[in-house]
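Start counting at 1 in the sequence shown, then tack on 312, and there's your number in our numbering.
Ideal placement from N, C-alpha and C gives every residue a C-beta, glycine not left out.
Working notes for the structure below.
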Amino acid sequence: MSTLPPIPVAFINENTLGHASHLGRYAGAFQHRPELGIQPLRLDATPLPEPWRIRANRTIRGLRRFGLDFHALRWRRIVSMHVRRQLDALRAVHPVRAVIVNTQSVALSLSDLTPSLPVFVCLDATFTQLRHSRWFAPNRIAAWLAPLTLGPLLTAERRLFAAAHRLLPWSAAARTSLLQNYHVEPGRVDILPPPIDPLAWTPRSRPPLPGSQPQILFVGGDFRRKGGPLLLETWRRHLSHRCELHLLTESNLDPEPGLVVHRQLQAGSDAWLERWRAASVFVFPSTLETFGIVLLEAMAFEVPIVSRRVGAAADLLDNGTLGLLLDRPDAATLAAAVTSVLDDPAAAATRARAARRRVERDYALNAHSERLAAWLESAVAGHRGPPGRVDA
313 MSTLPPIPVA
323 FINENTLGHA
333 SHLGRYAGAF
343 QHRPELGIQP
353 LRLDATPLPE
363 PWRIRANRTI
373 RGLRRFGLDF
383 HALRWRRIVS
393 MHVRRQLDAL
403 RAVHPVRAVI
413 VNTQSVALSL
423 SDLTPSLPVF
433 VCLDATFTQL
443 RHSRWFAPNR
453 IAAWLAPLTL
463 GPLLTAERRL
473 FAAAHRLLPW
483 SAAARTSLLQ
493 NYHVEPGRVD
503 ILPPPIDPLA
513 WTPRSRPPLP
523 GSQPQILFVG
533 GDFRRKGGPL
543 LLETWRRHLS
553 HRCELHLLTE
563 SNLDPEPGLV
573 VHRQLQAGSD
583 AWLERWRAAS
593 VFVFPSTLET
603 FGIVLLEAMA
613 FEVPIVSRRV
623 GAAADLLDNG
633 TLGLLLDRPD
643 AATLAAAVTS
653 VLDDPAAAAT
663 RARAARRRVE
673 RDYALNAHSE
683 RLAAWLESAV
693 AGHRGPPGRV
703 DA
């Protein structure tokens with residue numbers, strides 16, 4: 313164990329959608345492993361305090377659907393200002409030596425920090441990757457207007473990427489965009505994926521009860537975007553006679569025979585763990601993703617997977633060798649894939665075990681925490697700027 317004092321590092325996380333757990337897991341690892349020499353100082357970019365939230369979401373009726381209220385830019389600038397204010401207050405009382413932030417959406421106000429301390433930026437996708445998605449261009453007119461409405465945002469993103477000490481994309485696709493669309497030097501780009509602790513997330517150790525029905529598991533707070541309506545239709549039309557459907561979602565859905573809706577299950581809770589360990593197949597029919605963290609969870613729990621080819625699914629599932637991949641499935645196609653898993657559990661289990669091994673090899677929290685600690689230590693050791701503490 314090092315006898316040097318730990319390096320104080322600000323960990324700033326955007327707590328929206330799948331981003332919520334990203335830096336928290338790394339910060340937790342550093343807290344539990346003091347020998348790594350990192351002292352995480354955690355800041356939350358979101359949720360915004362009420363006055364800031366009102367400013368960020370202010371709009372003009374009818375213009376948001378075309379992007380003409382510049383909400384994408386305004387929200388990110390205001391959240392980034394909120395982040396900067398918190399960071400300045402932290403630096404007034406702590407000698408912060410480095411900053412790591414997830415994602416660039418909440419870091420636009422940090423470009424000028426690099427003369428004084430190293431800034432690491434995590435991202436699941438670049439804005440160039442997202443500019444044609446429904447998040448930024450929900451219709452044809454919005455897509456046509458994108459050069460106007462998204463231009464300032466892309467400029468701010470490029471400024472941040474140019475200033476950052478190191479960029480830490482979640483996936484190979486995001487790394488490729490940084491290199492090809494932003495011409496970032498390869499030496500400043502390293503993949504840091506969402507981590508999984510394989511020791512904490514273990515598969516079920518007992519077989520299903522005799523006579524019990526197989527269980528399909530769906531996990532998604534945003535039921536519609538995650539493809540929930542298609543899965544529900546598929547189950548009702550083709551699968552309800554042979555398996556149960558368990559939905560982990562915040563959407564208001566009425567239960568029916570064979571359909572169980574689980575709301576407000578805390579990740580990591582006993583009830584949440586039981587749902588994963590009881591699942592016969594995990595179905596991920598999502599229509600829009602940048603990554604798909606829940607696929608890593610399914611892989612860790614050794615649950616057979618049926619997924620739409622979306623986000624990083626093809627990379628995570630090794631183009632279909634670790635789980636079934638579907639292109640634009642309809643109810644019949646999705647039902648056939650689920651049926652193939654239920655009809656051949658041995659083959660499904662073989663894929664699931666291989667998926668678990670990949671999590672252990674490529675996404676383990678301990679290994680990636682050690683990589684991140686080494687990068688932070690190297691950056692601080694080689695940094696010649698003034699101390700990270702500022703006057704209040």
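Query raised in the report: On the three-state DSSP scale, how would you describe ASN325?
Result: One-based indexing of the sequence shown puts residue 325 at position 13. Under the three-state reduction of DSSP output, ASN325 falls in the strand class.
Query raised in the report: Relative to the C-alpha of GLY539, which residue among THR358, ARG621, ALA485 and LEU422 is closest?
Result: Stepping through the sequence shown from its first residue, residue 539 is reached at position 227. Just measuring C-alpha positions, the residue of THR358, ARG621, ALA485 and LEU422 sitting nearest GLY539 is ARG621.
Query raised in the report: Are the CB atoms of VAL501 and VAL606 nearer to each other than 7 Å?
Result: What you label residue 501 is simply residue 189 of the sequence shown in a count that begins at 1. What you label residue 606 is simply residue 294 of the sequence shown in a count that begins at 1. For the 7 Å CB-CB criterion, VAL501 and VAL606 do not form a contact.
Requested in this report: Please list, in chain order, all residues of the same chain as HIS383 whose beta carbon is under 7 Å from its beta carbon, the five residues on each side excluded.
Outcome: Along the sequence shown, read from residue 1 onward, the residue named residue 383 stands at position 71. Contacts found: THR371 and ARG376.
Requested in this report: Rounded to whole angstroms, what's the CA-CA distance from LEU688 to ALA410? Just pull it up for me.
Outcome: Stepping through the sequence shown from its first residue, residue 688 is reached at position 376. Stepping through the sequence shown from its first residue, residue 410 is reached at position 98. Distance between the alpha carbons of LEU688 and ALA410 is about 7 Å.
Query raised in the report: Nearest CA to the CA of ALA486: which residue from THR467, GLY623, THR633 and LEU577?
Result: Here residue 486 refers to the residue found at position 174 of the sequence shown. Sorting THR467, GLY623, THR633 and LEU577 by C-alpha distance to the C-alpha of ALA486 places GLY623 at the top.
Query raised in the report: Looking at the C-beta of ASP674, does it have a partner C-beta in chain D at a distance below 7 Å?
Result: The displayed structure is made up of one protein chain only, and chain D is not part of it.
Query raised in the report: Can you name the residues that DSSP bridges to LEU636?
Result: The count along the sequence shown starts at 1 and reaches residue 636 at position 324. Paired residue(s): VAL618.
Requested in this report: Please name the residue in ARG345, LEU608 and HIS334 whose C-alpha comes closest to that of ASP356.
Outcome: On the sequence shown, residue 356 is found 44 positions in, with the first residue counted as 1. The shortest Cα separation from ASP356 among ARG345, LEU608 and HIS334 belongs to HIS334.
Query raised in the report: Start and end of the beta strand (DSSP E) containing ILE453?
Result: Working through the sequence shown from its first residue, we reach residue 453 at position 141. Under the DSSP assignment, ILE453 falls outside any beta strand (DSSP E), being part of the alpha helix (DSSP H) whose first and last residues are 452 to 461.
**Report entry** Neighbourhood of ALA704 by C-beta, 6 Å cutoff - its chain only, sequence neighbours within 5 removed
**Finding:** Counting from 1 along the sequence shown, the entry for residue 704 is found at position 392. Reliability fails at ALA704, whose pLDDT of 31 lies under 50, so the model's placement of it is uncertain and the value that follows must be treated cautiously. Answer for ALA704: ALA404, listed in chain order.
Query - With 16 other Cβ atoms within 10 Å as the buried cut-off, status of PRO569 - result: Stepping through the sequence shown from its first residue, residue 569 is reached at position 257. Classification for PRO569: exposed.
Query raised in the report: Considering only C-alpha positions, which residue in the set ILE366, SER690 and GLU672 is nearest to PRO505?
Result: For the purposes of this step, residue 505 is taken as the residue at position 193 of the sequence shown. Among ILE366, SER690 and GLU672, the Cα nearest to that of PRO505 belongs to GLU672.
Query raised in the report: So LEU479 and PHE473 are in contact, right, with Cβ under 8 Å, and what is the actual spacing, rounded?
Result: Position 167 of the sequence shown holds residue 479. Position 161 of the sequence shown holds residue 473. Cβ atoms of LEU479 and PHE473 come within 8 Å of each other, at about 6 Å.
Query raised in the report: Comparing alpha-carbon positions, which option in ALA339, PRO317, SER552 and LEU316 lies nearest ASN325?
Result: Along the sequence shown, read from residue 1 onward, the residue named residue 325 stands at position 13. Closest option to ASN325, Cα to Cα, is ALA339.
Query raised in the report: With C-beta atoms as the reference, is ALA625 less than 7 Å away from SER619?
Result: On the sequence shown, residue 625 is found 313 positions in, with the first residue counted as 1. On the sequence shown, residue 619 is found 307 positions in, with the first residue counted as 1. Yes, the pair counts as a contact, with Cβ atoms nearer than the cut-off.
**Report entry** Status (buried if at least 16 other CB within 10 Å, exposed otherwise) for HIS331
**Finding:** Here residue 331 is taken as the residue at index 19 of the sequence shown, counted from 1. Buried: at least 16 other Cβ atoms inside 10 Å.
Query raised in the report: Tell me which same chain residues have a C-beta within less than 6 Å of the C-beta of ALA685, skipping the five on either side of it?
Result: Sequence index remark: in the sequence shown, residue 685 carries index 373 (1-based). Excluding positions up to five away in sequence, the list reads LEU348 and ILE350.
Query raised in the report: When you compare only the Cα positions, how much space is there between LEU634 and PRO541?
Result: As a working mapping, residue 634 is identified with position 322 in the sequence shown. As a working mapping, residue 541 is identified with position 229 in the sequence shown. Cα to Cα, LEU634 sits roughly 25 Å from PRO541.
Requested in this report: Could you tell me whether the Cβ atoms of ILE412 and PHE323 are closer together than 7 Å?
Outcome: In the sequence shown, the residue the question calls residue 412 occupies position 100. In the sequence shown, the residue the question calls residue 323 occupies position 11. Yes. Within cutoff.
Query raised in the report: Expressed to the nearest angstrom, what Euclidean distance is found between the alpha-carbon atoms of ALA476 and SER423?
Result: Along the sequence shown, read from residue 1 onward, the residue named residue 476 stands at position 164. Along the sequence shown, read from residue 1 onward, the residue named residue 423 stands at position 111. Taking the straight line from one Cα to the other gives about 7 Å.
Requested in this report: With GLU556 as the anchor, note down where its beta strand (DSSP E) starts and where it stops.
Outcome: Here residue 556 corresponds to residue number 244 of the sequence shown, with the count starting at 1. Looking at the DSSP string, the run of the beta strand (DSSP E) that includes GLU556 is 556 to 560.
Query - Classification of ARG587 by the beta-carbon crowding that lies within 10 angstroms, buried from 16 upward - result: Here the question's residue 587 lines up with position 275 in the sequence shown. With 16 or more Cβ atoms within 10 Å of its Cβ, ARG587 is classed as buried.
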